[in-house]
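Some notes on the structure that comes next.
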Amino acid sequence: MAPSGCVKINDTLWEIPRSYKQGMKVPARIYASKPLLDSMDSSVFEQVTNVATLPGIAGYSFCMPDGHSGYGFPIGGMAAFDTDTGVISPGGIGFDINCGMRLVATSLTWEEVQPRIQQLVDRLFARVPAGVGGKGFLELSQSEFRTLSEQGMKWCLKKGYAIQEDLDRTEENGCIREADASKVSERAVERGYKQIGTLGSGNHYLEIQVAKPENIVDQKVAGVFGIDRPNQVVLMFHCGSRGFGHQIATDYLQSFLKVMQSKYGIPFRDRELACAPFISPEGQDYFKAMNCAINMSFVNRQVILHRIREVFSEVFGKDPMELGLHQIYDVTHNTAKVERHLFDGKKRKLLVHRKGATRAFAPGMAGIPREYRAVGQPVIIGGSMETGSYLLAGVQSGEQSFYTTAHGSGRTMGRNQAKKQFRGQDLEKRLLEQGIYIRTSSYSGLAEEAGAAYKDIDEVVRATESAGLSRPVVKLVPVGNIKG
Amino acid sequence: MSYRYRDDLSMADVAFEAEGTSLEELFTSAWDATLRVMIENPSALHSNSRRSISIEDRSIDLLLVNFLQELIYYKDAEALLLRLEHCRIEGGTEAAKLEAVASGEQIDAKRHHLGTDVKAVTFHRFSLKQEGELWRTTVVLDV
Chain A
68 MAPSGCVKIN
78 DTLWEIPRSY
88 KQGMKVPARI
98 YASKPLLDSM
108 DSSVFEQVTN
118 VATLPGIAGY
128 SFCMPDGHSG
138 YGFPIGGMAA
148 FDTDTGVISP
158 GGIGFDINCG
168 MRLVATSLTW
178 EEVQPRIQQL
188 VDRLFARVPA
198 GVGGKGFLEL
208 SQSEFRTLSE
218 QGMKWCLKKG
228 YAIQEDLDRT
238 EENGCIREAD
248 ASKVSERAVE
258 RGYKQIGTLG
268 SGNHYLEIQV
278 AKPENIVDQK
288 VAGVFGIDRP
298 NQVVLMFHCG
308 SRGFGHQIAT
318 DYLQSFLKVM
328 QSKYGIPFRD
338 RELACAPFIS
348 PEGQDYFKAM
358 NCAINMSFVN
368 RQVILHRIRE
378 VFSEVFGKDP
388 MELGLHQIYD
398 VTHNTAKVER
408 HLFDGKKRKL
418 LVHRKGATRA
428 FAPGMAGIPR
438 EYRAVGQPVI
448 IGGSMETGSY
458 LLAGVQSGEQ
468 SFYTTAHGSG
478 RTMGRNQAKK
488 QFRGQDLEKR
498 LLEQGIYIRT
508 SSYSGLAEEA
518 GAAYKDIDEV
528 VRATESAGLS
538 RPVVKLVPVG
548 NIKG
Chain B
3 MSYRYRDDLS
13 MADVAFEAEG
23 TSLEELFTSA
33 WDATLRVMIE
43 NPSALHSNSR
53 RSISIEDRSI
63 DLLLVNFLQE
73 LIYYKDAEAL
83 LLRLEHCRIE
93 GGTEAAKLEA
103 VASGEQIDAK
113 RHHLGTDVKA
123 VTFHRFSLKQ
133 EGELWRTTVV
143 LDV
């Protein structure tokens with residue numbers, strides 16, 4: 068429940084004032100409908116107000132409508148920091164650096180895909196490793212892996228795993244330039260260099276979905292994004308930087324704990340909120356290492372797209388481009404990026420932390436692919452494997468949150484509770500009866516991801532629209548799923 | 003040696019409480035709890051590969067966190083799931099040193115009932131303390 072000092076600004080915006088906690092430099096703002104606010108656990112409010120105490124924070128400490136308790140920052144947390152006076156915090160990015168979503172169109176309809184859905188899902192399950200300890204098909208040296216972590220999707224283009232259009236339709240064009248692999252530990256490389264092209268587990272998935280005519284909210288914008296025919300089939304997948312990113316976050320969290328208070332005099336509230344000044348040697352080293360994980364994650368999703376194109380090409384006996392396998396967009400969830408925003412009447416350079424939150428640039432902004440610029444950045448919000456997901460677009464009023472919106476539906480049930488309530492095998496059968504064919508590497512993992520363990524995705528999307536953070540374009544419903 | 007999972011401490015991830023009559027027992031329980039998240043039938047692991055673990059840290063908290071990180075490291079770097087054979091801890095709650103041996107085998111999805119991948123050991127709600135005769139810890143794993 069929200070604390071008693073939480074003030075209603077409007078139906079989807081709530082504010083916790085600076086007086087709530089000693090040391091808060093800005094108020095905290097939570098975007099949520101009343102039911103979503105009520106479903107948030109108390110840690111969300113403690114965490115979002117802890118973030119408000121960090122040096123150099125600009126405007127507000129934000130939480131998105133799908134917010135739930137995280138480490139340091141809440142999941143759904145967003146905070147921008149002045150690049151000269153502010154901090155960088157691994158807790159504001161998460162262990163799975165650049166965990167993100169990619170959406171890919173096809174020119175196929177459900178009527179064309181339905182007879183081959185089991186074959187497609189089975190082949191994708193074989194080609195895109197999922198689950199504990201999954202290894203990818205690329206045989207890379209550690210040195211080559213370090214190179215790709217600096218080059219991102221440009222490396223994929225050179226190696227034939229991408230086409231230029233894929234880079235053009237990825238946030239940051241699939242490469243953050245300020246990446247320096249010399250700032251990454253041996254252990255991080257050892258954990259990640261065999262994992263390119265793998266999904267991982269937990270809430271990671273690869274899904275075949277359908278855009279049904281009744282679920283198109285804005286036909287014109289859907290058409291601009293490449294969804295232009297009834298019952299069009301698309302693919303959506305969710306994964307991140309695997310062991311590589313997890314180790315970079317672990318390494319620098321421990322390094323920041325050593326200097327945060329003793330060297331930089333930043334008060335200590337929560338070890339997961341460890342941070343260092345952005346301009347400090349420690350802050351810059353983490354930024355450059357973290358950017359390597361962002362790039363690696365872009366490569367991971369690109370190599371998965373390469374495998375998807377291979378599978379569709381084999382099953383339908385056609386070239387992937389003949390099948391319309393064009394990427395719609397790729398968004399990141401867990402990052403800190405330097406962006407220029409209007410703040411206090413001036414354009415300022417800010418380090419924007421988004422943890423379980425999505426950038427949602429408005430129509431006309433630089434950084435959006437040319438073909439989408441008039442309608443706004445595509446935003447992909449993933450739901451549970453039962454309820455569907457959304458494609459949305461950024462809006463002008465997103466300026467209020469430095470153009471940030473939600474990323475998913477957010478859990479409402481613990482993993483053990485879900486395992487007690489559902490059996491993976493029963494769920495698989497029930498979903499098949501509902502027309503969703505699933506392959507999983509773990510039945511217990513499948514039970515943990517049951518639709519009932521998540522918030523109502525429609526309610527989350529309505530809240531982002533009502534709050535003026537993004538607007539829905541089309542809801543996509545699952546017909547096939549590979550669960551990590 | 004024992005542990006139990008606590009949904010009420012973490013909605014999205016995995017929290018557990020472990021206890022032991024010595025630090026060695028406590029660390030072993032915490033290792034077992036972490037391994038059990040990734041494999042439901044750890045007894046199916048054959049002891050084909052053996053790894054020695056040697057860690058020193060400035061606090062017992064960090065020693066436990068970094069000890070559990072070893073299990074996660076071998077899972078990713080070598081696709082190995084390891085059961086703990088024994089561990090020995092020297093030092094107190096400040097500077098402490100650990101020597102351990104773990105054995106297991108490469109992940110085999112046909113024989114191993116796999117669970118959820120563990121990404122990291124967090125400091126969220128972390129505690130390690132002695133209560134009477136028992137050492138207790140609370141750990142949240144990012145999955």
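First to last, the sequence lines map onto chains A and B.
Each number in our numbering comes from the position in the first sequence (counting from 1) with 67 added on.
Each number in our numbering comes from the position in the second sequence (counting from 1) with 2 added on.
Note that CB positions come from ideal geometry on N, CA and C, so glycine has one too.
Quick caveat, the model's predicted, so the values are computed rather than measured.
Cut-off 7 Å between Cβ atoms - residues of its own chain near residue i, not counting five sequence neighbours on either side
| i | result |
| --- | --- |
| residue 105(B) | 49, 51, 52, 84, 85, 87 |
| residue 441(A) | 430 |
| residue 349(A) | 322, 323, 326, 343 |
| residue 8(B) | 17, 18, 19 |
| residue 387(A) | 376, 379, 380 |
| residue 80(A) | 96, 98, 534 |
| residue 151(A) | 346 |
| residue 106(A) | 479, 522 |
Test item: CB-CB of residue i and residue j under 8 Å
| i | j | result |
| --- | --- | --- |
| residue 164(A) | residue 307(A) | yes |
| residue 103(B) | residue 40(B) | no |
| residue 275(A) | residue 187(A) | yes |
| residue 512(A) | residue 117(B) | yes |
| residue 139(B) | residue 17(B) | no |
| residue 233(A) | residue 394(A) | yes |
| residue 173(A) | residue 392(A) | yes |
| residue 171(A) | residue 302(A) | yes |
| residue 126(B) | residue 43(B) | no |
| residue 399(A) | residue 71(B) | no |
| residue 167(A) | residue 13(B) | no |
| residue 207(A) | residue 263(A) | yes |
| residue 63(B) | residue 130(B) | yes |
| residue 292(A) | residue 273(A) | no |
| residue 538(A) | residue 473(A) | no |
| residue 199(A) | residue 55(B) | no |
| residue 212(A) | residue 138(A) | no |
Exposure of residue i, with buried meaning 16 or more beta-carbon neighbours within 10 Å
| i | result |
| --- | --- |
| residue 519(A) | exposed |
| residue 74(A) | exposed |
| residue 389(A) | exposed |
| residue 249(A) | exposed |
| residue 240(A) | buried |
| residue 133(A) | buried |
| residue 99(A) | buried |
| residue 494(A) | buried |
| residue 365(A) | buried |
| residue 86(A) | exposed |
| residue 335(A) | exposed |
| residue 540(A) | buried |
| residue 329(A) | exposed |
| residue 196(A) | buried |
Inter-residue spacing [alpha-carbon to alpha-carbon] between residue i and residue j
| i | j | result |
| --- | --- | --- |
| residue 82(B) | residue 34(B) | 15 Å |
| residue 484(A) | residue 247(A) | 42 Å |
| residue 355(A) | residue 148(A) | 17 Å |
| residue 419(A) | residue 341(A) | 16 Å |
| residue 319(A) | residue 155(A) | 11 Å |
| residue 491(A) | residue 510(A) | 4 Å |
| residue 189(A) | residue 162(A) | 30 Å |
| residue 215(A) | residue 117(A) | 36 Å |
| residue 567(A) | residue 345(A) | No statement about residue 567(A) is possible, as the shown extent of chain A runs from 68 to 551 and does not include it. |
| residue 15(B) | residue 38(B) | 14 Å |
| residue 310(A) | residue 255(A) | 7 Å |
Residue-chain proximity (residue i, chain A), Cβ-Cβ < 8 Å
| i | result |
| --- | --- |
| residue 58(B) | no |
| residue 141(B) | no |
| residue 62(B) | no |
| residue 110(B) | no |
CB contact check: residue i to chain B, cutoff 8 Å
| i | result |
| --- | --- |
| residue 509(A) | yes |
| residue 160(A) | no |
| residue 467(A) | no |
| residue 135(A) | yes |
| residue 317(A) | yes |
| residue 262(A) | yes |
| residue 268(A) | yes |
Close beta carbons around residue i, own chain, < 6 Å, minus the five adjacent residues each side
| i | result |
| --- | --- |
| residue 524(A) | 450, 454, 476 |
Any non-hydrogen atom of the ligand NAP within 7 Å of residue i CB
| i | result |
| --- | --- |
| residue 545(A) | In the structure on display, the ligand NAP does not appear, and there are no ligands present to speak of. |
Same chain, Cβ closer than 8 Å to residue i, five either side skipped, listed in chain order
| i | result |
| --- | --- |
| residue 502(A) | 546 |
| residue 383(A) | 175, 183, 390 |
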